[in-house]
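*Asks:* Numbering (the numbering used here), first residue to last: 39 to 581.
Note that the Cβ used here is the ideal one computed from N, Cα and C, for glycine as well.
Structure provided below as structure tokens; questions to follow.
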Amino acid sequence: MRCFWWSAMMLSLGIALTTTQVAQAAKFYPIDGVTVDYPPDAGGALWPESNMIQGPGLGYDANEPHDKTLSGANGNWVTDACGAGCSYLETFGAPTIYLDLGTDRELNEISIWGYEASNANGLRDFSLRFATDADGPSGYGTTVSYAPDFTELLNDTIIRQSMPFTQAVTARYVELTPLENFWIDAEVPGGDRVGIGEIAFEAPDDFVIDPPPEPSVKFYPIAEVTSSTQDTDFYPVEQLIEGPGVGFLNQDPFPQTGALWVTEACGFPCDYLDGYDPPEVYFDLGEDVLLSEIDIWGYASSNANGVTEFSLSFATDADGPDGYGSTIAYNPTFSDLPNNSTDRMPFPFDENVTARYVRLTALDNFFEEPGDGSNGETPGGDRVGLGEVAFPMLSASLPGDFDQSGTLDVADIDALSAAVLAGNNPTAYDVNTDGSVDDKDLKYWIEDLFDSWVGDSNLDKEFNSSDLVAIFQEGKFETGAAATWAQGDWTGDGVFDSSDFVAAFQGGGFEQGVRAAVSAVPEPSSIILLGIGTLLIARRRRA
Numbered sequence: 039m040r041c042f043w044w045s046a047m048m049l050s051l052g053i054a055l056t057t058t059q060v061a062q063a064a065k066f067y068p069i070d071g072v073t074v075d076y077p078p079d080a081g082g083a084l085w086p087e088s089n090m091i092q093g094p095g096l097g098y099d100a101n102e103p104h105d106k107t108l109s110g111a112n113g114n115w116v117t118d119a120c121g122a123g124c125s126y127l128e129t130f131g132a133p134t135i136y137l138d139l140g141t142d143r144e145l146n147e148i149s150i151w152g153y154e155a156s157n158a159n160g161l162r163d164f165s166l167r168f169a170t171d172a173d174g175p176s177g178y179g180t181t182v183s184y185a186p187d188f189t190e191l192l193n194d195t196i197i198r199q200s201m202p203f204t205q206a207v208t209a210r211y212v213e214l215t216p217l218e219n220f221w222i223d224a225e226v227p228g229g230d231r232v233g234i235g236e237i238a239f240e241a242p243d244d245f246v247i248d249p250p251p252e253p254s255v256k257f258y259p260i261a262e263v264t265s266s267t268q269d270t271d272f273y274p275v276e277q278l279i280e281g282p283g284v285g286f287l288n289q290d291p292f293p294q295t296g297a298l299w300v301t302e303a304c305g306f307p308c309d310y311l312d313g314y315d316p317p318e319v320y321f322d323l324g325e326d327v328l329l330s331e332i333d334i335w336g337y338a339s340s341n342a343n344g345v346t347e348f349s350l351s352f353a354t355d356a357d358g359p360d361g362y363g364s365t366i367a368y369n370p371t372f373s374d375l376p377n378n379s380t381d382r383m384p385f386p387f388d389e390n391v392t393a394r395y396v397r398l399t400a401l402d403n404f405f406e407e408p409g410d411g412s413n414g415e416t417p418g419g420d421r422v423g424l425g426e427v428a429f430p431m432l433s434a435s436l437p438g439d440f441d442q443s444g445t446l447d448v449a450d451i452d453a454l455s456a457a458v459l460a461g462n463n464p465t466a467y468d469v470n471t472d473g474s475v476d477d478k479d480l481k482y483w484i485e486d487l488f489d490s491w492v493g494d495s496n497l498d499k500e501f502n503s504s505d506l507v508a509i510f511q512e513g514k515f516e517t518g519a520a521a522t523w524a525q526g527d528w529t530g531d532g533v534f535d536s537s538d539f540v541a542a543f544q545g546g547g548f549e550q551g552v553r554a555a556v557s558a559v560p561e562p563s564s565i566i567l568l569g570i571g572t573l574l575i576a577r578r579r580r581a
């Protein structure tokens, strides 16, 4: 009995260990690129080729059993159709798929995730050929003669189907040729296209996967989005701000990967914008941020519902969510958008804007009469939709250069002064990173970033009598009138008064020359400054 118990325990332990090993996630080689050569007269792709190589964590789960995670236009590649009731492969012949792994890799299998199981367009049978880096992308079969066929894949949308090779292959380039789709089985409708969900090649356990490169662009978080049509929208507007890593891949070139927003339909066929007001989308970025561009990802390119023209309006935190245009007059319109459901489309502004709220008004879609596709036009236009919206952060290549002009100048310190006066602590203006935007940021900007002195009203890198002459010529001292840095407001409270002289006196820079050439310890000239200020104050009071 004891031997049986021991054997049973060891058997259970062995099963547990085996299960644990099986459950470990596989590693996959990165795939640098994919292209497809389509047969003559076959058109191109309905859904993009790049969907086939989105990889672990995006196209399929990075953990076992590596199930496919995306579907439809975001998770599949599929060709154009040959028409209803026809076989794509019998009508046109086979498209050829070319995969580039970037360098020679040791390959022992290929993994395929299927197309949509509800139709017969998915890949059933296929063949492979290989080429090394030395062979080049046209050298298939030159030094690698192995050219296997694989048949009778499952018509399954989710599971990873791994097909081992009968011999190891070292190659950089892989050619995949579809031989059959599920038209041949006639169990589900379709077969007028050819489609694949995802392709991957498993790597050995000791393969080191390089971390993805830092994206060239970072995007502001969007706190909230609403729409004028949200009570009746077909796809919810919240899907417009899924953001990097969900709504779009957080790596160059930032292809769209998430869900979509679209309004209700006006009927079919019809032009939504003929019967309804242009829909508006309202973005709340949580605080005032510096904006120079809006990025748009389009709706499904298979129909005409996507936005082709839109306008923008802006409001600051102080304006509030209903204050569009109150203090920001800039109101750009962008038109002639392509009907593209994959690529990031950037629209730079003619001027930088500091705003918390952005209103996007969809002015036109891709509707063409009659709208049902009968004249060769893309059908649809009975709705209005977008894929994703984002606002890129301005690069911080020159701290304090808020308008991205490449230099620190009066426009930057005026922008900082306005942010101090607003009192809402926008992160972009917190140059000393203490969590607040106040007079300490002005002091940090002028002393540490611009390398000058508090009181340098003309920004010539010195604080001297010419600055005093300039500010008093403006005539705003102790009047309560709004003043800028150049007019004597050195504390960011919006006026020129004795507190500005106190700040300048404490800075100790009067008549000290260029800051970098001298000590920042107050010298006797600061006493002179204080005396000048006192005399001027007294003179004004006598007047």
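(1) Looking only at C-alpha atoms, which of Leu459, Val246, Asn470 and Pro417 sits nearest to Pro307?
(2) Are the beta-carbon atoms of Val207 and Thr134 separated by less than 8 Å?
(3) Please list, in chain order, all residues of the same chain as Glu389 whose beta carbon is under 8 Å from its beta carbon, the five residues on each side excluded.
(4) With 8 Å as the threshold, decide whether the Cβ of Phe188 is near any Cβ in chain C.
(5) Which term fits Leu339, buried or exposed, when burial requires 16 or more other beta carbons within 10 angstroms of its beta carbon?
(6) From Phe501, Phe429 and Pro86, pick the residue whose C-alpha is nearest to that of Ala261; which is it?
(7) For Ala119, which residues in the same chain have their Cβ closer than 6 Å to its Cβ, ignoring the five residues on either side in sequence?
(8) Helix, strand or coil for Ala139, going by three-state DSSP, please let me know.
(9) Can you tell me where the beta strand (DSSP E) holding Leu329 begins and where it ends?
(10) By Cβ distance below 6 Å, which residues in the same chain neighbour Pro77 in space, the five residues on each side in sequence not counted?
(11) Based on Cα-Cα distance, which residue from Gly493, Trp523 and Glu407 lies nearest to Leu582?
(12) Excluding the five sequence neighbours on either side, which residues of its own chain have a C-beta within less than 7 Å of the C-beta of Ala558, listed in chain order?
(13) Are Ala457 and Val475 close, meaning C-beta to C-beta below 8 Å?
(14) Do you know whose CA, among Pro86, Asp105, Glu318 and Phe385, lies nearest Ala111's CA?
(15) To the nearest angstrom, report how far apart Glu236 and Val116 are at their CA atoms.
(16) Gly336 and Leu375: beta carbons closer than 8 Å?
(17) With distances taken from CA atoms, which of Asp290, Phe286 and Gly305 is nearest Gly296?
(18) Compare the C-alpha of Leu139 against each of Gly177, Thr180 and Val72 and name the closest.
(19) Spell out the partners DSSP gives Val345 in its beta bridges.
(20) I'd like the ranges of any alpha helix (DSSP H) spanning at least 4 consecutive residues and lying wholly in the region 419 to 500.
(21) Answer with buried or exposed for Asp309, where buried requires no fewer than 16 other C-beta atoms within 10 angstroms of its C-beta.
(22) Just to confirm, is the Cβ distance from Leu145 to Ala209 under 8 Å?
*Replies:* The answer reads as follows:
(1) Considering only alpha carbons, the answer is Pro417.
(2) Their beta carbons are not under 8 Å apart, which means Val207 does not touch Thr134 by this criterion.
(3) Here the set comprises Tyr368.
(4) Here chain C cannot be found, since the structure has a single protein chain.
(5) Rather than Leu, the amino acid found at residue 339 in this sequence is Ser. When all chains shown are included, Ser339 counts as buried.
(6) Selected option, being the one with the closest Cα: Phe429.
(7) Contacts found: Asp230 and Arg231.
(8) Going by the sequence as given, residue 139 is Leu instead of Ala. In the structure shown, Leu139 sits in a strand (DSSP, three-state: E or B).
(9) Counting along the chain, the beta strand (DSSP E) containing Leu329 begins and ends at Glu318 to Trp335.
(10) For Pro77, where only same-chain residues beyond five positions count, the Cβ hits under 6 Å are Phe130 and Gly131.
(11) Because the chain spans 39 through 581 in this model, residue 582 falls outside it and cannot be assessed.
(12) Only weak support is given to the placement of Ala558: the predicted model assigns it a pLDDT of 45, under 50, and the question is left unresolved by the model.
(13) In this structure, Val475 lies closer than 8 Å to Ala457 by Cβ.
(14) Put simply, of Pro86, Asp105, Glu318 and Phe385 the residue whose alpha carbon is nearest the alpha carbon of Ala111 is Pro86.
(15) Roughly 11 Å separates the two Cα atoms.
(16) When the beta-carbon positions are compared, Gly336 and Leu375 come within less than 8 Å of each other.
(17) Closest option to Gly296, Cα to Cα, is Phe286.
(18) The residue from Gly177, Thr180 and Val72 with its alpha-carbon nearest to that of Leu139 is Val72.
(19) In the DSSP output, where bridge partners are listed per residue, Val345 has Asn403.
(20) The region 419 to 500 contains these whole alpha helix (DSSP H) runs: 448 to 460 and 477 to 482.
(21) By the neighbour-count criterion, in which 16 or more other beta carbons inside 10 Å mark a residue as buried, Asp309 falls on the buried side.
(22) Yes; because the gap between Cβ atoms is below 8 Å, this pair is in contact.
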